[in-house]
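Notes to accompany the following structure.
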Amino acid sequence: MRTSAFLTDASVCIGCKACEVACKEWNHIPDDGFEWTGQSYDNTHALGASTWRHVLFLEEKKPMGPQLAGIEEPFRWQFLSDVCKHCENAGCLEACPTGAIVRTELKSVFVQQDVCNGCGYCVVSCPFGVVDKNHEVGTAFKCTFCYDRQRDGLMPACAKACPTRSIRFGEWEELRQEAQVRVKELQDRGYNDAQIYDPTGSSVGGTHAIFLILGQPEAYNLPPAPEVPTIHMKSAWGAALFSALVVVLVVFLAFAL
Amino acid sequence: MAANPKITEDRLDALREEAARTGKVQDHGIAPVGSPFPKPAAAVSYHGNPVLKPPTWTWQVPLYFFVGGVAGISAVIALAAHLFGNAGVLRAGLWIGLLGALVSAPLLIADLGRPSRFLNMLRVFKLQSAMSVGAWTLSGYSSAVGLAVVCHELILAGYGNNFLLVLEWAAEISAAVSGLILASYTSVLLGVTAIPVWSENRRLVPVVFLAGGLGSAAGVLELLGFLLPVTQFIGIVASAVETLVAIVIELRGRYVDRPLREGTVGWLTRAGAALAGPTSLLLRVFWGHSSMARYVAAVCFVTGALISRYAWIAAGRVSSRDPQALFRIQRPAHNSAAH
């Protein structure tokens, strides 16, 4: 099986939310409550149990690349469609005590709804704040990477619905190279803060959703150096073991004295 | 009349010539009064929205953390009491351990989104998941302490034989070992998450939770009438540790610990620490001869430890909402410029 991935390119996203709609329709996801957030045109807040694609609307007082228009009061409106990162070392998968969260043959991370018992440990273990519990259903939900569609040789609904090829879907390595080419092209054209968001150097070991963003990751609420929480296993258990030994010592000393 | 009287036509000519000759102009432009301005890195995030998701756990979980801690440590105290021949504490410790285990499972199950699927916890064992380790530990501990109580009561009722005696010892040792894991895994559960205030305190929370369990187990024994030197000693050590931890949190003054020091949750943390720490410690040290003071100290510690469990979970909820808490950990050099 191929190792599939998303490349989501902020530089060509027009904020149409076709990906959000396509995702909701294909996957039968409930609505998010139709609330007005006042945060630009973003009314779905963040990724969550009922939002598996989330279009961000950034309003920044920065010039738009090399453009001269509005140079006195620089302003740019950036869009990016966020999605589950499908980490190589996934915090949610490591944390799941039931084995409901699995790695598929496509290398994506998948929550098996018939196994999940809603313990909520994946929710606090995701370094990107993606997976969340649906309190009505009682289980954890996130992007399935359209596992059903991919099994039938179709591309994920969001990528198919994207009218600008901002969401590209394909072979992981090919997309990484495409991202390199695209970021070089943008920089050559004066978009100096164009960069690839692909945390390969950290403990998450790379993600199957790569992003091309303008500006720093923090502006998109993307963690600048995400870590899979299990790297802290040794220090936490070490402290617990030490404390437990002290407890035993104190209890026995109490009786011996 | 030029907008800027200092700029003459000659200056404009000079600029044009320099630009034509070299391709660029070597000057700084206008230096406003007071420049250069210090430029703190702006606290960038997406509309200030949270990056992480808050814990979904309900009120049962902190209570389970507390009860599991008391139960687990009670089994340790029971084992020590058996070794040192204190029959009263042995029996009480085992029963507290069993009742705690019997309360723990329903609390844990009630929190699940799908309680009927609790047993799914036992379809895999994952060392890398503290939740998995915990589910198995609770099952193992419950069985061990249950067996220990049954053996002990049978022996007391006069059905004792060598087999039962060996079985009781084996069950008590298993209960003590699994009890220690039961009382401590919950702290690892918090430490090994993405939530900044938990993750950055992963070495401290085990100390807090085990000290809390230790002091509370002794406190519960005292409230049952066991006003012994043993419980007094344990109570003093546990409340001294609670006091030290509170001082560390206050003095360290880290940004990531803000939820533990500020706002409602900060005061909840402090209230728990004050009750289990200095209040209980002073009562025991200065009025330790008075049984009334010992009872009050026990109540203070148990209440403080219980509040502390709620405060730690609530602090995680606050911490998850602050994108800067996360960004500061991940970009320390970048953020040191800001503050």
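Protein sequence lines, in the order shown, are assigned to chains A and B. Counting from 1, one number per residue, gives the positions in the first sequence under the numbering used here. Counting from 1001, one number per residue, gives the positions in the second sequence under the numbering used here. Yeah, the Cβ is synthetic: ideal placement off N, Cα and C, and Gly gets one too. All values derive from a computational prediction rather than experimental measurement.
Practice prompt. Taking only beta-carbon positions, decide if Tyr260/A is within less than 8 Å of chain B.
Written response: Nothing about residue 260/A can be read from this structure; chain A reaches only from 1 to 257.
Fill in: Anticipated Cβ contact below 8 Å, Val251/A with Val1076/B, distance rounded
5 Å
Item to complete: Determine the chain B residues that contact Gln67/A at a beta-carbon separation under 8 Å, and present them in chain order.
Response: Those do not exist, as Gln67/A stays about 21 Å from chain B at its closest Cβ, beyond 8 Å.
Worksheet item: Can you list, in chain order, the residues of its chain whose CB lies under 6 Å from that of Cys87/A, leaving out five sequence neighbours each side?
Response: Val204 and Thr207
Item to complete: Give the range of the beta strand (DSSP E) segment to which Tyr197/A is assigned.
Response: Ala194 to Tyr197
Item to complete: Indicate the three-state DSSP secondary structure (helix, strand or coil) for His54/A in the structure shown.
Response: strand
Fill in: Below-8 Å beta-carbon distance, Met1001/B vs any chain A residue
Unreliable positioning characterises Met1001/B in this predicted model, as indicated by a pLDDT of 49, which lies under 50. The coordinate reading is nonetheless provided below. Not closer than 8 Å to any Cβ of chain A, the Cβ of Met1001/B fails to qualify, so no.
Practice prompt. Take Arg103/A and list the residues in its own chain whose beta-carbon comes closer than 8 Å to its own, dropping the five residues that flank it on each side.
Written response: Ala90, Leu93, Val109 and Phe110
Item to complete: Label His1152/B either buried or exposed according to how many other C-beta atoms from any shown protein chain fall within 10 Å of its C-beta, with 16 as the threshold for buried.
Response: buried
Item to complete: Excluding the 5 residues preceding and the 5 following Leu1227/B in the sequence, name in chain order all residues of the same chain whose CB lies nearer than 6 Å to its CB.
Response: Ser1291 and Arg1294
Practice prompt. Count the other C-beta atoms from every protein chain shown that fall within 10 angstroms of the C-beta of Ala1338/B, then say buried if there are 16 or more, exposed otherwise.
Written response: With a pLDDT of only 39 at Ala1338/B, under the threshold of 50, the placement of this residue in the model should not be trusted; the figure read from the coordinates follows. It counts as exposed.
Worksheet item: Candidates Ala1101/B, Ile1155/B, Val1133/B and Val1197/B: which alpha carbon is nearest Val1318/B's?
Response: Val1197/B
Worksheet entry | Rounded Cβ spacing between Val123/A and Lys133/A (contact assumed at less than 8 Å) | 6 Å
Worksheet entry | Proximal chain A residues relative to Leu1210/B, where beta-carbon distance stays under 7 Å | Ser243, Ala244 and Val247
Discussion item. To test your reading of the DSSP string, which unbroken beta strand (DSSP E) runs of 3 or more residues are found completely within the segment 55-124 of chain A?
Written reply: 76-83, 101-103 and 109-111
Item to complete: Decide if the segment 1081-1099 of chain B is in contact with the segment 1133-1149 of chain B; the criterion is three or more beta carbon pairs, one per stretch, under 8 Å apart.
Response: yes
Discussion item. Can you pull out the residues from the segment 1151-1171 of chain B whose beta carbon lies closer than 8 Å to at least one beta carbon of chain A?
Written reply: none
Item to complete: Please state whether DSSP places Thr200/A in a helix, a strand or coil.
Response: coil
Discussion item. Taking 6 Å as the limit between beta carbons, can you name the residues of its chain near Asp31/A, skipping five residues before and five after?
Written reply: none
Worksheet item: Counting only beta-carbon atoms, is Val204/A nearer than 8 Å to chain B?
Response: no
Item to complete: Alpha carbon to alpha carbon, how far is Ala1081/B from Val1237/B? Give it in angstroms, no decimals.
Response: 18 Å
Discussion item. Check whether chain A comes within 8 Å of His1289/B, counting only Cβ atoms and requiring the distance to be less than that.
Written reply: no
Practice prompt. Report all residues from its chain with a CB closer than 7 Å to the CB of Val12/A; omit the five preceding and five following residues, and keep chain order.
Written response: Thr164, Arg165 and Ser166
Worksheet item: Count the other CB atoms within 10 Å of the CB of Gly33/A; is the residue buried (16 or more) or exposed (fewer)?
Response: exposed
Worksheet entry | Residue of Gly1235/B, Val1044/B and Ala1019/B minimising C-alpha distance to Ala1211/B | Gly1235/B
Practice prompt. Give me whichever residues DSSP pairs with Leu214/A in a beta bridge.
Written response: Ala194/A
Practice prompt. Name the residue from Glu173/A, Ala95/A, Gly129/A and Ile14/A whose alpha carbon lies nearest to the alpha carbon of Val1188/B.
Written response: Ala95/A
Fill in: For Ala1218/B and Ala256/A, the rounded distance between their alpha carbons
16 Å
Discussion item. I'd like the span of the alpha helix (DSSP H) that includes Leu7/A, first residue to last.
Written reply: Here Leu7/A belongs to no alpha helix (DSSP H); instead the beta strand (DSSP E) covers Ser4 to Asp9.
Worksheet entry | Coarse secondary structure for Ala1337/B, derived from DSSP in three states | With a pLDDT of only 40 at Ala1337/B, under 50, the local geometry of the prediction cannot be trusted, and the value read off the model is given with reservation. Ala1337/B: coil per DSSP, three-state reduction.
Worksheet item: Whose Cβ in chain B lies nearer than 9 Å to the Cβ of Tyr197/A?
Response: Per Cβ cutoff of 9 Å: no residues; Tyr197/A is ~13 Å from chain B at best.
Worksheet item: Mind checking if Gly1113/B is an interface residue toward chain A, Cβ cutoff 8 Å exclusive?
Response: yes
Discussion item. Assuming Ser1104/B and Tyr1064/B are in contact, meaning their beta carbons sit under 8 Å apart, how far apart are those beta carbons, in whole angstroms?
Written reply: 6 Å
Discussion item. Check whether the segment 166-179 of chain A and the segment 187-195 of chain A are in contact - that is, three or more C-beta pairs closer than 8 Å.
Written reply: no
Fill in: Met1001/B, DSSP secondary structure in three states
Note that Met1001/B scores a pLDDT of 49, beneath 50, so its modelled location is shaky; the value from the coordinates is reported in the next line. DSSP places Met1001/B in coil when its eight states are reduced to three.
Practice prompt. Quick one: residues in its chain with C-beta nearer than 7 Å to the C-beta of Ala1135/B, no 5 flanking neighbours on either side, listed in chain order?
Written response: Met1121 and Leu1122
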